[in-house]
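First residue of the sequence shown? That's 1 in full-length UniProt numbering, and the numbers climb one at a time after it. Don't be surprised by glycine CBs; every beta carbon is placed ideally from N, CA and C.
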Amino acid sequence: MAGIYLHIPFCKQACHYCDFHFSTSLKKKEEMISALRRELFLRKDEFVSSSGVENQIETIYFGGGTPSVISNNEINLLIDEIYQLFDVAENPEITLEANPDDLSADRIKELSLSKINRLSIGIQSFFDEDLRMMNRAHNANEAWNSLQEAKKYFDNISIDLIYGIPEMTVDRWQQNVQKALNLNIPHISSYALTVEPKTALATLIKNGKIPTPDDGIAHEHFLLMIEMLEKAGFIHYELSNFGKLDYFSKNNSAYWLGKKYLGIGPSAHSFNGENRSWNIANNSLYINAIQQDKLPNEVEVLSKNDRYNEYVMTGLRTVWGVSLEKIKTDFGSDYLDYLLKNADIFLTNEKLIIENTILKTTLKGKFFCDGIASELFWID
Numbered sequence: 001m002a003g004i005y006l007h008i009p010f011c012k013q014a015c016h017y018c019d020f021h022f023s024t025s026l027k028k029k030e031e032m033i034s035a036l037r038r039e040l041f042l043r044k045d046e047f048v049s050s051s052g053v054e055n056q057i058e059t060i061y062f063g064g065g066t067p068s069v070i071s072n073n074e075i076n077l078l079i080d081e082i083y084q085l086f087d088v089a090e091n092p093e094i095t096l097e098a099n100p101d102d103l104s105a106d107r108i109k110e111l112s113l114s115k116i117n118r119l120s121i122g123i124q125s126f127f128d129e130d131l132r133m134m135n136r137a138h139n140a141n142e143a144w145n146s147l148q149e150a151k152k153y154f155d156n157i158s159i160d161l162i163y164g165i166p167e168m169t170v171d172r173w174q175q176n177v178q179k180a181l182n183l184n185i186p187h188i189s190s191y192a193l194t195v196e197p198k199t200a201l202a203t204l205i206k207n208g209k210i211p212t213p214d215d216g217i218a219h220e221h222f223l224l225m226i227e228m229l230e231k232a233g234f235i236h237y238e239l240s241n242f243g244k245l246d247y248f249s250k251n252n253s254a255y256w257l258g259k260k261y262l263g264i265g266p267s268a269h270s271f272n273g274e275n276r277s278w279n280i281a282n283n284s285l286y287i288n289a290i291q292q293d294k295l296p297n298e299v300e301v302l303s304k305n306d307r308y309n310e311y312v313m314t315g316l317r318t319v320w321g322v323s324l325e326k327i328k329t330d331f332g333s334d335y336l337d338y339l340l341k342n343a344d345i346f347l348t349n350e351k352l353i354i355e356n357t358i359l360k361t362t363l364k365g366k367f368f369c370d371g372i373a374s375e376l377f378w379i380d
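Rendered as structure tokens:
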């Protein structure tokens, strides 16, 4: 099984914290849609093995940017192209990332008539002061109303929430999570506000206009969220993701479980099990290359160490953990010994635990799992 990710590199405005590749100009939108379709054609054989067996596509994901800024007709064109070129599973998960300000009642109804069967809505917060600080294009009322409307037509809905926002109290964060629970949303992706270099947020903090996010407060928000969501029947299946049973993101789970995926569009990444590649993060250069039937990407052949490190990183972030048997089988006894030796301190301080030969983070260790993973990496 495999997945296809389409990067739609357009946004109405730039959020202060975002460092993803996007443009606020829609001038090249038609050319971009044509280029995405052409790249799909150019790469249609990448999932066919040397023996002629084709991997079925079980997930299609529209990310960005803000995919909801393109029209339903353009979305349908891209989905139809995938169905024509690839072997698509019978009931694939087809997700559209969307912002509340794009989701009018008519738009949601129209989307429900397409093959889109999952919405991932960028709420970020249900409070106007947070949304203004992040320079989001929607307000709190639009956030609430878009979800009320989406629930009439879609069962599989995910929302994004951001915690650790400067001056966000624990009480306000609790209200944010409770509002999502009141709406009975089955999947929540939640991230700590991080300050990425060269973003507007980094500049505002440097100039003293916004306080630096407090890691201690973010940790408090994180633990409160886990407590509230698990009490409500959610499974914390990945560091930043919570889902009710049968509502885990198949697209995201495929990344963490090492499945193959094809990334289409500028800045999109791909993985075929052995190599990782990524497209150029420039709309004009991407379009020009594709129009000449050239793939504007770089390819990295993953070494044994790379594959070990990636498995440890993704495994510790998930409920599935790191299989000690898989480490020994796929990488060898040296890697297993190295892993256990470096994990010892975290097992002693109860940030890691071994259950049925699976190495996992504990509640105490979850917030720090990326840092823990880096201590377990095999460094040449």
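Original post:
Residue ranges of each alpha helix (DSSP H) run of no fewer than 4 residues wholly in the region 258-328, ordered along the chain?
Top reply: Counting whole runs of 4 or more residues, the region 258-328 contains the alpha helix (DSSP H) stretches 283-291 and 304-317.
**OP:** Locate the beta strand (DSSP E) running through Q124, then write down its first and last residues.
**Re:** R118 to Q124
Original post:
Does the region 289-296 come within contact of the region 324-332, defined as at least 3 CB pairs closer than 8 Å?
Top reply: no
Subject >> Given 8 Å, three or more beta-carbon pairs between the region 341-360 and the region 291-310 >> reply: no
**OP:** Taking the CB atoms as reference points, tell me whether N241 and Y61 lie closer together than 8 Å.
**Re:** no
**OP:** Would you mind sorting Q178 into buried or exposed? The rule is 16 or more other CB atoms within 10 Å of its CB.
**Re:** Flag for Q178 reads exposed.
Subject >> Rounded straight-line distance, which links the Cα of P100 to that of C15 >> reply: If you take the alpha carbons of C15 and P100, they lie about 14 Å apart.
Original post:
In three-state DSSP terms, what is T95?
Top reply: strand
Subject >> Limits of the unbroken beta strand (DSSP E) element including I379 >> reply: I379 -> no beta strand (DSSP E), and no H or E assigned at all.
Original post:
Taking I70 as the reference, which of I57, P166, S25 and W256 has the closest Cα?
Top reply: The option with the nearest alpha carbon to I70 is S25.
Original post:
Nearest to Y163 by CA position, among D155, F127, H138 and K151, is which residue?
Top reply: F127
Original post:
What number of angstroms, rounded off, separates the C-alpha of F222 from the C-alpha of R38?
Top reply: Distance between the alpha carbons of F222 and R38: 42 Å.
Original post:
In this structure, does DSSP put V69 in helix, strand or coil?
Top reply: helix
**OP:** Determine the direct distance from the alpha carbon of T314 to that of Y338, and round the result to whole angstroms.
**Re:** 18 Å
Subject >> Element boundaries [alpha helix (DSSP H), containing D45] >> reply: For D45, no alpha helix (DSSP H) encloses it, and the DSSP letter there is neither H nor E.
Original post:
With a Cβ-Cβ cutoff of 8 Å, do L161 and S125 count as a contact?
Top reply: Judged by their CB atoms, L161 and S125 are nearer to each other than the 8 Å cut-off.
**OP:** Please determine, among T59, F20 and R136, the residue with the shortest C-alpha to C-alpha distance to L262.
**Re:** T59
Original post:
Do P9 and S277 have their CB atoms nearer than 8 Å?
Top reply: Their beta carbons are not under 8 Å apart, which means P9 does not touch S277 by this criterion.
**OP:** With DSSP as the reference, label H236 as helix, strand or coil.
**Re:** Strand at H236.
Original post:
What residues in its chain sit with their C-beta under 6 Å from that of Y308, if we drop five residues either side in the sequence?
Top reply: F331, Y335 and W378
Original post:
So, helix, strand or coil for G164, using DSSP?
Top reply: coil
Original post:
If we count Cβ pairs, one from each stretch, closer than 8 Å, do we get three or more for the region 115-123 versus the region 86-98?
Top reply: The region 115-123 makes contact with the region 86-98; the number of CB pairs closer than 8 Å reaches 3 or more.
Subject >> Coarse secondary structure for K231, derived from DSSP in three states >> reply: DSSP, read as helix, strand or coil, puts K231 in helix.
Subject >> Cβ separation of N135 and Q13, assumed to be a contact under 8 Å, to the nearest whole Å >> reply: 7 Å
**OP:** Could you tell me the boundaries of the beta strand (DSSP E) in which N241 lies?
**Re:** N241 to G243
Original post:
Between which two residues does the alpha helix (DSSP H) containing A143 stretch?
Top reply: A140 to A150
Original post:
For H221, which three-state DSSP category applies?
Top reply: In this structure, H221 counts as helix in the three-state DSSP scheme.
Subject >> Distance between I205 and Y17 (C-alpha atoms, nearest Å) >> reply: 11 Å
**OP:** Could you check which residue in M225, I210 and T199 has the C-alpha nearest to that of A192?
**Re:** M225
Original post:
If you check the beta carbons only, do I123 and I157 fall under 8 Å apart?
Top reply: No, the Cβ-Cβ distance between I123 and I157 is not below 8 Å.
Subject >> Paired residues, beta bridge with residue 415 - DSSP >> reply: In the structure displayed, the chain extends from 1 to 380; residue 415 sits before or after that span and is not available.
**OP:** List the endpoints of the continuous alpha helix (DSSP H) containing G365.
**Re:** L363 to K366
**OP:** Taking E54 as part of the beta strand (DSSP E), name the residues at either end of that continuous run.
**Re:** Here E54 belongs to no beta strand (DSSP E), and DSSP marks it neither H nor E.
**OP:** Determine the contact status of A150 and I121, defining contact as a CB-CB distance below 8 Å.
**Re:** The answer is yes: Cβ separation under 8 Å.
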